[in-house]
Amino acid sequence: VETKTGVTVKWNLAGSTVSTSDYVAICNDGSADADYITYEYASGTQEGKATICHTVAGKYLVRYYDSNGKVLASTETFSIGGDAAGAQNEAAAGKSTLACTDFNKDGVTASWTVAKEATDSDYIAICDAKASNPQLYETYAYNSKAAKSGSATISHALQPGKEYVLRYFDQNSKVLVESPAFKMEGGGETGGDDPAAAAVAKALAEANAAAAAAQAIAAQAKAAAAAAAPQAPK
81 VETKTGVTVK WNLAGSTVST SDYVAICNDG SADADYITYE YASGTQEGKA TICHTVAGKY
141 LVRYYDSNGK VLASTETFSI GGDAAGAQNE AAAGKSTLAC TDFNKDGVTA SWTVAKEATD
201 SDYIAICDAK ASNPQLYETY AYNSKAAKSG SATISHALQP GKEYVLRYFD QNSKVLVESP
261 AFKMEGGGET GGDDPAAAAV AKALAEANAA AAAAQAIAAQ AKAAAAAAAP QAPK
């Protein structure tokens, strides 16, 4: 079942040996059994359910792995639609939330509330919204105060026109929550390319290149003159 926070999966493994080290994982459609994107530990019971945080659009299946990484069961292939990508959790009922409260060409301000205990090894990352693997990120900042609710500024040169999301990772690099997608448009208050500044930068670059070329020619001429000069008698 697809939800705003990810995918909820139910299992019934009557007759199988299970443990609290078993886990259910979202995997790309057609991937090898050993490959998965992200996971949630199982309850240690033969029948149960879990919600796995993953909202990136695509085709997937869920596999149930035992503690040795052996697949005990798997779902049919299913799709996560684009509307679910980057959906923000609601703060009610103690759920985790994450939002980009401000951003410009130099970085992002993130605000979060996490339902579980936070640690100073947790981190908030800026990620490509269209990347198929939610574990990939471009840069991050630690939750250095181990705050369950807090904010942080993450420095990063955002590319105009590119869609990003924020993801909160726990100390085990597991995604706890994802922000709605955001995009910095070119120009305007959100930053972007300044044509005048670009023209000045281009002119300076061309001038520097010309000066460097002139210096190289002068050095070559000096070396040639030195080589052509008569040698002093020994």
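Going by the working numbering, the sequence shown opens with residue 81, and the numbers climb by one from there. For each residue, glycine too, the CB sits at the ideal point set by N, CA and C. In this text the structure is predicted, and so the values were computed from the model without any measurement.
- Would you identify the three-state DSSP class for Ile234, choosing helix, strand or coil? Reduced to three states, the DSSP call for Ile234 is strand.
- Nearest to Ala384 by alpha carbon, out of Ala105, Ile297, Asp250? Limits of the chain in this structure are 81 at one end and 314 at the other, which puts residue 384 out of reach.
- Message: Does the structure place the region 207-214 close enough to the region 229-236 that three or more beta carbon pairs sit under 8 Å?
- Response: no
- Message: Does any residue of chain B have a CB that is nearer than 8 Å to the CB of Ala226?
- Response: In the displayed structure, chain B is absent; only one protein chain is listed.
- Residues near Val255 in its chain [Cβ-Cβ closer than 8 Å; skip 5 each side]: Non-local C-beta neighbours of Val255 in its own chain, meaning closer than 8 Å and more than five positions away in sequence, comprise Thr118, Cys133, His134, Pro214, Gln215, Arg247, Tyr248, Phe249, ordered along the chain.
- Asn92 lies in the beta strand (DSSP E); which residues open and close that run? 87-92 is the span of the beta strand (DSSP E), which, as asked, contains Asn92.
- To the nearest angstrom, report how far apart Glu127 and Gly187 are at their CA atoms. 45 Å
- Item | Assumed close pair Ser324, Ala179 - CB separation to whole angstroms, cut-off 8 Å | Only positions 81 to 314 of the chain appear in the structure, and residue 324 is not among them; the question remains open.
- Query: Are Thr324 and Val89 touching if we call contact CB-CB under 8 Å?
  - Reply: Residue 324 falls outside the range modelled here, since the chain spans only 81 to 314, and no answer is possible.
- Where does Tyr145 land, buried or exposed, given buried means 16+ other C-beta within 10 angstroms? Label assigned to Tyr145: buried.
- What separation, rounded to the nearest whole angstrom, lies between the Cα atoms of Tyr220 and Ala198? Cα to Cα, the separation comes out at about 16 Å.
- Task: Give the secondary structure of Ile297 by DSSP, where H, G and I count as helix, E and B as strand, and everything else as coil.
- Result: helix
- Assigned secondary structure, Asn223 (DSSP; H/G/I helix, E/B strand, else coil): coil
- Query: If you drop the 5 nearest sequence neighbours on each side, which residues of the same chain put their C-beta closer than 6 Å to that of Glu120?
  - Reply: Val104, Ala130, Ile132
- Rounded to whole angstroms, what's the CA-CA distance from Ile297 to Asp115? Just pull it up for me. 58 Å
- Query: Which whole-angstrom value is the C-beta distance of Glu243 and Ala227, which I expect to be below 8 Å?
  - Reply: Contact doesn't hold; Cβ gap of about 27 Å is too wide.
- Message: Suppose you measure from the CA of Thr97 to the CA of Val151; what does that come to, to the nearest Å?
- Response: 12 Å
- For Ser123, which residues from the same chain have a beta carbon less than 6 Å from its beta carbon, with the 5 sequence-adjacent residues on both sides left out? Cβ-Cβ distances below 6 Å link Ser123 to nothing in the same chain once the five nearest sequence neighbours on each side are left out.
- Straight-line gap, Asn223 to Asp202 (C-alpha atoms, nearest Å): Distance between the alpha carbons of Asn223 and Asp202 is about 5 Å.
- Alpha carbon to alpha carbon, how far is Asn92 from Ser99? 14 Å
- Note down, in chain order, each residue of its chain lying with its Cβ closer than 7 Å to the Cβ of Ala173, except the 5 sequence neighbours on either side. In this prediction, Ala173 has a pLDDT of 43, which is less than 50 and means its spatial position is unreliable; what the coordinates show is noted afterwards. Cβ within range, chain order: n/a, list empty.
- Query: Under three-state DSSP, which class holds Asp182?
  - Reply: strand
- Close beta carbons around His236, own chain, < 7 Å, minus the five adjacent residues each side: Gly187, Val188, Ile206, Glu218, Thr219
- Between Met264 and Lys185, what straight-line distance do the alpha-carbon atoms span, to the nearest angstrom? Each residue's alpha carbon lies about 7 Å from the other.
- In angstroms with no decimal places, state the Cα-to-Cα distance between Gly95 and Ile160. 31 Å
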